[in-house]
Amino acid sequence: MSVLLSIQNLLVDFRVGERGAVSRARAVDGVSFDIPEDSTVALVGESGSGKSVTAMSILNLLPDNAERSGRVLYLGQDLLQADRPHLQAIRGQQIACVFQDPLTSLNPVFTVGHQLAEPLIRHLGTSRRAARQQAEDLLVEVGIPEPKRRLDSYPHELSGGQQQRVMIAMALACGPKLLIADEPTTALDVTIQRQILELIARLKQQRRMSVLFISHDLGVVGEIADRVVVMRQGQVREQGPVASIFAAPQDAYTRALLACRPSLGELPARLPVIDDVMQGRSAAPRLPKPRDPNAPVVLEVRSLAKSFWLREGLFGRREFKAVRDVSFKLRRGHTLGVVGESGSGKTTMGLTLLRLHEPTAGEVLFDGRDLLRLSDAERQTMRRRIQIVFQNPYASLNPRFTIGQTLIEPMAIHGIGADAAERERRARGLLAKVGLDEGTLNKYPHEFSGGQRQRIAIARCLTLDPEVLVLDEAVSALDVSVQAQVLNLLRDLQDELGLAYVFISHDLAVVRFLSDDVLVMKDGAVVEQASAQQILAAPTQEYTRRLLGAVPRGFRAA
7 MSVLLSIQNL LVDFRVGERG AVSRARAVDG VSFDIPEDST VALVGESGSG
57 KSVTAMSILN LLPDNAERSG RVLYLGQDLL QADRPHLQAI RGQQIACVFQ
107 DPLTSLNPVF TVGHQLAEPL IRHLGTSRRA ARQQAEDLLV EVGIPEPKRR
157 LDSYPHELSG GQQQRVMIAM ALACGPKLLI ADEPTTALDV TIQRQILELI
207 ARLKQQRRMS VLFISHDLGV VGEIADRVVV MRQGQVREQG PVASIFAAPQ
257 DAYTRALLAC RPSLGELPAR LPVIDDVMQG RSAAPRLPKP RDPNAPVVLE
307 VRSLAKSFWL REGLFGRREF KAVRDVSFKL RRGHTLGVVG ESGSGKTTMG
357 LTLLRLHEPT AGEVLFDGRD LLRLSDAERQ TMRRRIQIVF QNPYASLNPR
407 FTIGQTLIEP MAIHGIGADA AERERRARGL LAKVGLDEGT LNKYPHEFSG
457 GQRQRIAIAR CLTLDPEVLV LDEAVSALDV SVQAQVLNLL RDLQDELGLA
507 YVFISHDLAV VRFLSDDVLV MKDGAVVEQA SAQQILAAPT QEYTRRLLGA
557 VPRGFRAA
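The numbering used here runs 6 ahead of the 1-based position in the sequence shown.
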């Protein structure tokens, strides 16, 4: 099999500082691997491992302060030596990219049809009429329903999965020989993720192109890749055929990546983390701490409903029922997992519990009182006892506040602590509880990784001594290794403090690790509700079985 692209001893440095104080930070250090024709190579590693920088170096899609050396041979030509016009001719036409977040990659002011037609007109000289027809054909190829109508839609009118399909259609418009897919499924629910993986695999086979697939999740790449390249701290730790990597990984870091992802099978008390596996520390396997089935009910939801009114035509409007007749009980020290596809109503339900959305109907009984009927003053008092951790740790912390201010402000508002000194001591203790040192207090959010920010968000909730935490996709944006650390932390806090969790997620493997009971939602309604063990062992609904079938399980021999 001939080589399509060969990366040889690639070095990438970033200049940091100004004028006389310039230093260089090395992001990629001597990376080498080949991408054969008609094959899928997966580049795997944690955030900061250098995998995206390596991929973006191929077409020089790096910021101006990046310095590259080594060789990137595409069909024998060194792209590091290519001038700008030559690179622009290759971009999109011969090598195309699909990025992680389609909504930020698509231009919000242009229609889907306009953005699909642009590369055809620019690279191939296609007429606008012919380009529009080809754009419709591309939407058909990637499985977009009503393709002709969707040509005139704007990106915000599409779901996340449809947006990613449009990005793939744009990338394929000019028939590239190599598709670079940078975390294309990370933010998608498991069923949409499965569809995108199957779509990429089908298109690769039909078009006989190569794919460079970038991910932090070996469970995902095991299902799509022919070869795997494992990176850490800018270096290649291991590479080889996917079957070999999964059957007998040689590097401790690869073994750690495989070990720290939760599975639908085993249910350990704690998930392994990267450092433990690499340093040979392995705790004896043990079952999770048993939950008291007769623990008092701390939260009871009865027939909760939430509707939104959407404009239709010039004067009309219609009702959209986002949450319909949801009921459940949550006991002290227990976790209720809420699962479903994007658009199933899980997040809206969680926000309505806290009255961050005003409910249409129903009751939320907390400590015998209906949270949905409280006055503003009463709600302020009750709010400290039920808190929320949001999905995006980058957006949920105020960038202008130090971490100390972020933790101390809610205590001051709710009158917790006798004075500022006591609140600061409490803040330091909470940081230690979530695994951060006291030096964190004087830093700002941008100085921390995603996993550290999510720990800070959890610490902020704990400042108010809550009894219930609503966790809205709290680990979905994290690397599998960081995800394992946060899940272990949540379980430790639950065992120590008796917290009850409403754990909202699209990842059933994660829900399996943390949850006692599971509530499955579809189109705003509960379609199945039972213990986690029962749901996973013998689901009664086809929808639940489809969710379980979509969970990545890594490499499976044909």
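Cβ coordinates follow ideal geometry from the N, Cα and C atoms, glycine included.
Bear in mind that the values here come from a model prediction, so they are computed numbers and not experimental data.
Does DSSP put residue i in a helix, in a strand, or in coil?
| i | result |
| --- | --- |
| R390 | coil |
| C467 | helix |
| A556 | coil |
| A290 | Residue confidence is low: A290 scores 49 on pLDDT, short of 50, so the model does not pin down where it sits. Its coordinate-derived value is still stated next. A290 falls in the coil class under three-state DSSP. |
| I414 | helix |
| K295 | coil |
| S250 | helix |
| T341 | strand |
| A95 | helix |
| L371 | strand |
| R74 | strand |
| D376 | strand |
| V22 | strand |
| E453 | helix |
| V48 | Going by the sequence as given, residue 48 is Ala instead of Val. Of the three classes helix, strand and coil, the one that applies to A48 here is strand, per DSSP. |
| D89 | coil |
Would you kindly work out how many angstroms separate the C-alpha atoms of residue i and residue j, rounded to a whole number?
| i | j | result |
| --- | --- | --- |
| P114 | G98 | 20 Å |
| Y450 | I414 | 14 Å |
| L130 | C180 | 7 Å |
| A438 | Q241 | 32 Å |
| P255 | D471 | 44 Å |
| G441 | K327 | 41 Å |
| S133 | E142 | 14 Å |
| R233 | D281 | 25 Å |
| L86 | L16 | 10 Å |
| V532 | L525 | 7 Å |
| A79 | T408 | Checking the sequence shown, residue 79 turns out to be Leu, not Ala. Rounded to whole angstroms, L79 to T408 spans 46 Å at the Cα level. |
| N66 | S75 | 11 Å |
| R330 | S250 | 48 Å |
| L277 | G228 | 20 Å |
| L378 | V370 | 6 Å |
| L49 | D19 | 19 Å |
| F219 | V47 | 6 Å |
| P545 | A538 | 10 Å |
| K154 | I422 | 59 Å |
| R361 | N398 | 20 Å |
| A290 | V517 | Residue placement at A290 is poorly supported in this model, since its pLDDT is 49, which falls under 50; the coordinates still yield a value, given next. Going by the C-alpha atoms only, they are around 23 Å apart. |
| S333 | G530 | 12 Å |
| A31 | H420 | 44 Å |
| E430 | G410 | 7 Å |
| Q547 | K352 | 18 Å |
Which residue or residues does DSSP assign as beta-bridge partners of residue i?
| i | result |
| --- | --- |
| S216 | L184 |
| P42 | V9 |
| Q313 | The sequence shown places Ser at residue 313, not Gln. DSSP, once it has assigned bridges, lists K327 as partnering S313. |
| G322 | E318 |
| Q14 | R77 |
| V196 | Answer by DSSP bridge pairing: none, since V196 is not bridged. |
| F334 | V307 |
| A536 | V524 |
On a Cα-Cα basis, can you pick out the residue from the options that is closest to residue i?
| i | options | result |
| --- | --- | --- |
| L194 | V533, S511 and H420 | S511 |
| H162 | L520, Q212, D107 and R213 | D107 |
| D235 | D257, R214 and M215 | Sequence inspection shows Val at residue 235; the Asp mentioned does not correspond to that position. Of the candidates D257, R214 and M215, the one whose C-alpha sits nearest the C-alpha of V235 is D257. |
| S402 | I419, I462 and V344 | I462 |
| S8 | G54, L112, S216 and M173 | S216 |
| V248 | S350, A31 and T260 | T260 |
| E272 | G23, L520 and Q14 | L520 |
| G167 | R32, A31 and I202 | I202 |
| E453 | A424, I198 and Y400 | Y400 |
| E347 | V146, R551, A427 and I186 | R551 |
| L484 | L362, N71, R267 and G555 | R267 |
| G225 | V22, A177, Q199 and Q211 | Q199 |
| K312 | F334, M527, H363 and S45 | H363 |
| D566 | A31, L10 and R434 | In this structure the chain extends from 7 to 564, so residue 566 is not present and cannot be described. |
| L468 | E428, P416 and L447 | P416 |
| E473 | Q547, I394, A418 and E428 | I394 |
Could you tell me whether the Cβ atoms of residue i and residue j are closer together than 7 Å?
| i | j | result |
| --- | --- | --- |
| P6 | T358 | What is shown of the chain runs 7 to 564, which leaves residue 6 out entirely. |
| A175 | L126 | no |
| V279 | Q491 | yes |
| V104 | P182 | no |
| F396 | D478 | yes |
| A40 | S12 | It should be pointed out that residue 40 corresponds to Asp in this sequence rather than to Ala. Yes, these two residues count as a Cβ contact at 7 Å. |
| K295 | D501 | yes |
| V118 | L157 | yes |
| V557 | L342 | no |
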